[in-house]
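**Q**
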Amino acid sequence: MSKLALVTGATSGIGKAFAERLAALGHDLILVGRREERLKEFAAAHPEIAVRGIVADLSTDEGVDAVARVCATEDISLLVNNAGVAHYMPLAELPAAKARELAHVKVVAPTMLTRAVVGGMRARGEGTIINVAGMIAFSGPAPSSVPPRRAVYAGGLAFAVAMSQTLSAELEGTGVRVQVLCPGVVATEFHERQGMDLSAVRRMSADDVVTASLRGLELGEVVVAPGVEDAGLLDAVFTADLAAFNGQSPELASRYRPAN
Numbered sequence: 012m013s014k015l016a017l018v019t020g021a022t023s024g025i026g027k028a029f030a031e032r033l034a035a036l037g038h039d040l041i042l043v044g045r046r047e048e049r050l051k052e053f054a055a056a057h058p059e060i061a062v063r064g065i066v067a068d069l070s071t072d073e074g075v076d077a078v079a080r081v082c083a084t085e086d087i088s089l090l091v092n093n094a095g096v097a098h099y100m101p102l103a104e105l106p107a108a109k110a111r112e113l114a115h116v117k118v119v120a121p122t123m124l125t126r127a128v129v130g131g132m133r134a135r136g137e138g139t140i141i142n143v144a145g146m147i148a149f150s151g152p153a154p155s156s157v158p159p160r161r162a163v164y165a166g167g168l169a170f171a172v173a174m175s176q177t178l179s180a181e182l183e184g185t186g187v188r189v190q191v192l193c194p195g196v197v198a199t200e201f202h203e204r205q206g207m208d209l210s211a212v213r214r215m216s217a218d219d220v221v222t223a224s225l226r227g228l229e230l231g232e233v234v235v236a237p238g239v240e241d242a243g244l245l246d247a248v249f250t251a252d253l254a255a256f257n258g259q260s261p262e263l264a265s266r267y268r269p270a271n
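The sequence shown runs contiguously to residue 271 in the working numbering.
(1) How many angstroms separate the CA atom of P121 from the CA atom of R161?
(2) Taking the alpha-carbon of G195 as reference, which of D219, T177 and T185 has the nearest alpha-carbon?
(3) With DSSP as the reference, label A16 as helix, strand or coil.
(4) Which value, in whole angstroms, describes the spacing of the CA atoms of E137 and R111?
(5) On the CB-based measure, 16 or more other CB atoms within 10 Å of its CB, does T139 come out buried or exposed?
(6) According to DSSP, is I60 helix, strand or coil?
(7) Within 10 angstroms of the Cβ of G56, are there 16 or more other Cβ atoms? Answer buried if so, exposed if not.
(8) Since I believe A79 is in contact with L124 (beta carbons under 8 Å), could you give me their beta-carbon distance rounded to a whole number of angstroms?
(9) N142 bridges to which residues according to DSSP?
(10) How is the beta strand (DSSP E) around D39 delimited, first residue to last?
(11) Does the Cβ of T222 lie closer than 7 Å to at least one heavy atom of the ligand MN?
(12) Can you pull the DSSP bridge partners for V129?
(13) Which value, in whole angstroms, describes the spacing of the CA atoms of A264 and N142?
(14) Report the rounded CA-to-CA distance for L69 versus C193, giving the unit in angstroms.
(15) Bridge partners for I65 per DSSP, in chain order?
(16) Counting only the same chain and skipping the five closest in sequence on each side, list residues whose C-beta sits under 6 Å from that of L17.
(17) I'd like the list of long-range same chain contacts for H98, defined as Cβ closer than 8 Å, with 5 residues on each side in sequence excluded.
(18) Could you tell me the alpha carbon to alpha carbon distance between V66 and R32, rounded to whole angstroms?
(19) Give me the residue from A35, G130, E47 and A103 with the minimum Cα distance to S13.
(20) Taking Cβ positions, are A223 and V235 nearer each other than 8 Å?
(21) Could you tell me the alpha carbon to alpha carbon distance between M174 and E47, rounded to whole angstroms?
(22) Counting C-beta neighbours from all protein chains within 10 Å, is the total for P101 16 or more, i.e. buried, or is it exposed?
(23) Tell me V75's beta-bridge partners as DSSP assigns them.
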């Protein structure tokens, strides 16, 4: 029996690369996107597997709920939360509609789809959840001189990292694996749709990002950073995170106490 994978943001870029690779591996697919014609084109090009397209806008509650119902009722073995929007701009300049769209696509949708699918995976004793974030998740400490400013976007990706790490620990021993995938700049339509010309910037291919993700699963990595050669850098970040977490005390830190 073929395994079933659901991929969001599947009509271009990393999502389409995941769909192509999973099809080659023999997975049946549920593909979620906003462009119906592209979903139909993919299905027509892959008659060797079962492909179901779902036209849904994950920036809306209706779109999230529709896909969550599928996640809760189908025997999905692999969920790829890939859908994304950029909206690179400082928070003060970010229109309310775009802020809401970004929060829905990168925070609400992955949360609700993961919540919907994880119960069935636990009951079956197997499954994989991949949350696509990006290295911008680690850019919070960057000074103001480092452009572009993108507080909501960076925060949404950082949420994906923290949720994935914590969920992985929650699911330890259940047979369900969780990964957060953090590429750098990738050669897709993603930036062009935001009016950004990155043609002069060296970029990783979407296919290489998928290769790193699948190899990361084999290696047991929760956080996969395809372009970071020295994995010790990531280990140092997470060791520091835990040191700060474990270094807390119910006593007020001396630097916050009034001077005598």
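We treat Cβ as the ideally placed atom computed from N, Cα and C, and that holds for glycine.
**A** Working from what's here:
(1) Cα to Cα, P121 sits roughly 20 Å from R161.
(2) Selected option, being the one with the closest Cα: D219.
(3) When secondary structure is reduced to three states using DSSP, A16 falls in the strand class.
(4) Between the alpha carbons of E137 and R111 lies a distance of about 33 Å.
(5) Buried.
(6) It is coil, neither helix nor strand.
(7) At residue 56 the sequence reads Ala, which differs from the Gly that was named. In the assembly as shown, A56 is an exposed residue. Its beta-carbon has fewer than 16 other beta-carbons within 10 Å.
(8) Yes, L124 and A79 are in contact; Cβ-Cβ is about 6 Å, under 8 Å.
(9) Assignment of beta-bridge partners to N142 by DSSP yields N92 and V191.
(10) Per DSSP, the continuous beta strand (DSSP E) segment holding D39 begins and ends at D39 to G44.
(11) Of ligands this structure carries none, so the ligand MN is not represented either.
(12) By DSSP's assignment, V129 forms no beta bridge with any residue.
(13) A264 and N142: Cα-Cα distance of roughly 36 Å.
(14) Each residue's alpha carbon lies about 20 Å from the other.
(15) Looking at the DSSP assignment, I65 forms a beta bridge with V43.
(16) Hits under 6 Å: I41, I87 and L90.
(17) Its chain contains L105, K109, A110, E112, L113, R161, V163, Y164 and Q205 as the residues whose beta carbon lies nearer than 8 Å to that of H98, once the 5 sequence neighbours on both sides are disregarded; these appear in chain order.
(18) Spanning the two alpha carbons is a distance of roughly 21 Å.
(19) Nearest of A35, G130, E47 and A103 to S13, Cα basis: A35.
(20) Yes, Cβ-Cβ distance for A223 and V235 is below 8 Å.
(21) Taking the straight line joining both Cα atoms gives about 30 Å.
(22) Residue environment analysis places P101 among the exposed positions, since fewer than 16 neighbouring C-beta atoms fall within 10 angstroms of its C-beta.
(23) As DSSP reads the structure, V75 sits in no beta bridge.
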